[in-house]
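Asks: Below is a structure I'd like to ask you about.
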Amino acid sequence: LLWTAQRTISTASRRQFENKVPEKQKLFQKGNGIPVHLKCGIADTLLYRAIMILTFGGTAYSIYQLAVASFPKKLD
Amino acid sequence: MTHQTHSYHMVNPSPWPLTGALSAFLMTSGLIMWFHFNSLILLALSLLTNTLTMYQWWRDIVRESTFQGHHTPTVQKGLRYGMILFILSEALFFMGFFWAFYHSSLAPTPELGGSWPPTGIHPLNPLEVPLLNTSVLLASGVSITWAHHSLMEGNRKHTLQALLITIMLGLYFTLLQASEYYETSFTISDGIYGSTFFVATGFHGLHVIIGSTFLIVCFMRQLTFHFTSNHHFGFEAAAWYWHFVDVVWLFLYISIYWWGS
């Protein structure tokens, strides 16, 4: 479902921002079966891998610390 | 090719709820490691993964709405209900702290000297920086309303200007409040006065920072032509949140700063 609408275009003569929304709409509406969180290519994939490694790694580290804390060293 | 015959949004499977939940787990474990074992690594990791989750989750929502067109009027209605319920839950959150304040201040114990403010506490003058802070937030409420009307009228330049003014006022409030925190003669550990003052105003300040961040995101989206004159719910949600933050401050000012001095 294409959801195009009016977007205001500035006629100010200073620094212009181009309206890149239509090309983004084309990119994200490609019927390639890629889920939205990976649809923008390599940057998405790298970010996804990074956060997965950090969260699962962190969880494993956290459980390790729990194990260490569960068996305190005896103080002499 | 299959097409849905309803106006709801069937979201792609997403990893962000899981990473969000894991980051919350890391945050609680991280706090324990910090408090009891003097190690900051888990806490730092949790803040990083939490931020990454929020960035990617909300980035995907922008993609689903602005770029893929999934936010039909039906979907938008659901989002409106959601934002209203969330703000309501935040209002109840603050009500708890106001309850604590009034519980202690309406019947001050003998340990406090039987008075409020307690003996030895020198509160801030409500007619100085706190009054300025009140005017700053009220003005920001006006400017964000101007921004909204400009957006609805299709005036790009005025929308950006008014949004920028709102953000600047929010930042000004934060800086003023930070300097006030530095100037107080009392701390959070100064009895129940210190606790109620800093927990209530502290959580409020955090919400100002969150609201300002939301507004900055709206500013960037407006710059890149995401909003249209009749479809800009992200902006409206930010505006509602901002007004809520303003109202909480008014209650704080009247109860803690003014009546409580």
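Residue numbers (this note's numbering), protein chains in the order written: chain A, 2 to 77; chain B, 1303 to 1563. Backbone N, C-alpha and C define an ideal beta-carbon position, used for all residues, glycine too. Just so it is clear, the structure is predicted and the values come from calculations on it, not from any experiment.
What residues in the stretch 1337-1348 of chain B bring their beta carbon closer than 9 Å to a beta carbon of chain A?
Replies: Going along the stretch 1337-1348 of chain B in chain order, one finds H1338, F1339, S1341, I1343, L1344, L1347, S1348 with a Cβ nearer than 9 Å to chain A.
Asks: Contact criterion: CB-CB distance below 7 Å. Does B/Q1370 meet it with respect to chain A?
Replies: Judged by the 7 Å Cβ criterion, B/Q1370 is in contact with chain A.
Asks: I'd like to know if the stretch 1463-1477 of chain B and the stretch 1434-1449 of chain B are in contact, where contact means that at least 3 CB-CB pairs between them fall below 8 Å.
Replies: These segments touch.
Asks: Hey, B/T1307 and B/S1325 are a contact pair by Cβ (cut 8 Å); roughly how many whole angstroms apart?
Replies: Rounded, the Cβ-Cβ distance is 37 Å, inconsistent with contact.
Asks: Could you tell me the alpha carbon to alpha carbon distance between B/H1460 and B/W1560, rounded to whole angstroms?
Replies: Cα to Cα, the separation comes out at about 36 Å.
Asks: If the criterion is Cβ atoms closer than 7 Å, does the pair B/S1348 and B/G1322 meet it?
Replies: Not closer than 7 Å, so no.
Asks: Is the distance from the Cβ of B/G1443 to the Cβ of B/D1548 below 7 Å?
Replies: Closer than 7 Å, so yes.
Asks: Taking the C-alpha atoms as reference points, what is the distance between A/C41 and B/H1424?
Replies: Each residue's Cα considered, the two are about 57 Å apart.
Asks: What in chain A is Cβ-close to B/S1316, meaning under 7 Å?
Replies: Result: H38.
Asks: What residues from the stretch 1320-1334 of chain B come within 7 Å of chain A, judged by C-beta to C-beta, listed N to C?
Replies: Here the close residues are T1321, L1324, S1325, F1327, L1328, S1331.
Asks: For B/P1375, report the span of its alpha helix (DSSP H) as first-last.
Replies: Here the alpha helix (DSSP H) through B/P1375 covers 1375-1408.
Asks: Just checking, does the stretch 1379-1396 of chain B make contact with the stretch 1480-1498 of chain B on the three C-beta pairs under 8 Å criterion?
Replies: No, the stretch 1379-1396 of chain B does not touch the stretch 1480-1498 of chain B.
Asks: Closer than 7 Å by C-beta to B/I1344: which residues in its own chain qualify, once you throw out the five before and the five after it? Chain order, please.
Replies: Just to set this straight, residue 1344 of chain B is Leu in the shown sequence, not Ile. Counting only Cβ-Cβ distances below 7 Å, and skipping sequence neighbours, we find L1328, S1331, G1332, M1335.
Asks: Give me the Cα-Cα distance between A/R50 and A/V37, rounded to the nearest whole angstrom.
Replies: When rounded, the distance between both Cα atoms is 15 Å.
Asks: If you measure from the beta carbon of B/T1351 to each beta carbon in chain A, is any gap under 7 Å?
Replies: Cβ-Cβ to chain A under 7 Å: yes for B/T1351.
Asks: Can you tell me whether B/N1435 is buried or exposed, with buried defined as 16 or more other CB within 10 angstroms of its CB?
Replies: Buried.
Asks: Quick check on B/L1525 - is its C-beta less than 7 Å from some C-beta in chain A?
Replies: Answer yes: the Cβ-Cβ gap between B/L1525 and chain A drops below 7 Å somewhere.
Asks: Does any C-beta atom of chain A lie closer than 7 Å to the C-beta of B/E1538?
Replies: Cβ-Cβ to chain A under 7 Å: no for B/E1538.
Asks: Consider the Cβ of A/F29: report whether some Cβ of chain B lies at a distance smaller than 7 Å.
Replies: Closer than 7 Å to some Cβ of chain B, the Cβ of A/F29 qualifies, so yes.
Asks: In its own chain, which residues sit with a C-beta less than 8 Å from the C-beta of A/L28, not counting the 5 before and 5 after it?
Replies: Excluding positions up to five away in sequence, the list reads K40, C41.
Asks: Applying a beta-carbon distance threshold of less than 8 Å, which residues of chain A neighbour B/L1354?
Replies: Going along chain A in sequence order, the residues near B/L1354 (Cβ under 8 Å) are L48, A51, I52, L55.
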